[in-house]
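>
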């Protein structure tokens, strides 16, 4: 992967940083993920539509693994077998790269005028629709038969009622956490994530907290490594 990282503890390719963390040669809790990801996200915003999809997918794979490893190191008791279940992110992004590369090839073929479609000529014969009911069948008989068929189809055609839950957004969670931190002296980082209803809300809460720290709305305190992290509102 071409993207390089330059932070206090490491300088080099992003995938090498992941290898060092996975092999425990570099402590993930000492790595600032904001410093790792912010330059790349700024680059993406400044060059929208110009970055190859494969580079984006590669970055997402490595960044997602780093976020997972750091959150697991800080909150090991939150990661059990239930949370580990689910589709493999790396496999999903691998498929994304395959489709993105295929889309680029198709787009190039279309632009170069190298795509053609052909089909054999078929002779179409116009035929008028005909319906010949059996002898002795009246319009009332047809109406009754139709109603019987419609009644049998009714359970099949009836659509099930499904309740669609509203997914909480990062913006919603930022507003919630801002109000909560302002109203309390100190808030436990672990408690905020533990209150999440599911894994999706836990990830949204984690990203919202990162954004609040980045914007200096919230500041955190951790007396010692692996100790409880507390959050409080930044004094204006």
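Numbering (UniProt numbering), first residue to last: 1 to 236.
Think of the CB as a built atom: it goes at the ideal place given N, C-alpha and C, for glycine as much as any other residue.
Everything numeric in this text was worked out from a predicted model, so none of it was measured.
#1: For residue 82, is the classification buried or exposed, using 16 other Cβ atoms within 10 angstroms of its Cβ as the cut-off for buried?
#2: Assuming the contact rule is C-beta atoms closer than 8 Å, residue 18 and residue 66 should be a hit. Round their C-beta distance to whole Å, please.
#3: Once DSSP output is grouped into helix, strand and coil, what is the label at residue 9?
#4: Taking only the alpha-carbon atoms, compute the straight-line gap between residue 217 and residue 102 and give it to the nearest angstrom.
#5: Within the region 19-81, note down every full alpha helix (DSSP H) run reaching 4 residues or more, in order along the chain.
#6: Let me check understanding here. Comparing Cα to Cα, which of 41, 181, 200, 22 lies closest to residue 212?
#7: What residue ranges within the region 181-230 form continuous beta strand (DSSP E) runs of no fewer than 3 residues, ordered along the chain?
#8: Is it buried or exposed, residue 164, if we count other Cβ atoms within 10 angstroms and call 16 or more buried?
#9: Residues bridged to residue 239 by DSSP?
#10: Tell me which residues share the same chain as residue 12 and place their Cβ nearer than 7 Å to its Cβ, disregarding the 5 neighbours each side in the sequence.
#11: Does the beta-carbon distance from residue 232 to residue 185 come in below 8 Å?
Answer, in terms of the structure:
#1: Caution applies to residue 82, whose pLDDT of 46 falls short of 50 and renders its modelled position unreliable; the value that the coordinates give is listed next. Label assigned to residue 82: exposed.
#2: 6 Å
#3: coil
#4: 43 Å
#5: 33-46, 53-74
#6: 181
#7: 218-221
#8: The pLDDT assigned to residue 164 is 46, lower than 50, so where the model puts this residue is not dependable; a value taken from the coordinates is nonetheless given after this. With fewer than 16 other Cβ atoms within 10 Å, it is exposed.
#9: There is no way to answer for residue 239, as the model of the chain reaches only from 1 to 236.
#10: 4, 5
#11: yes
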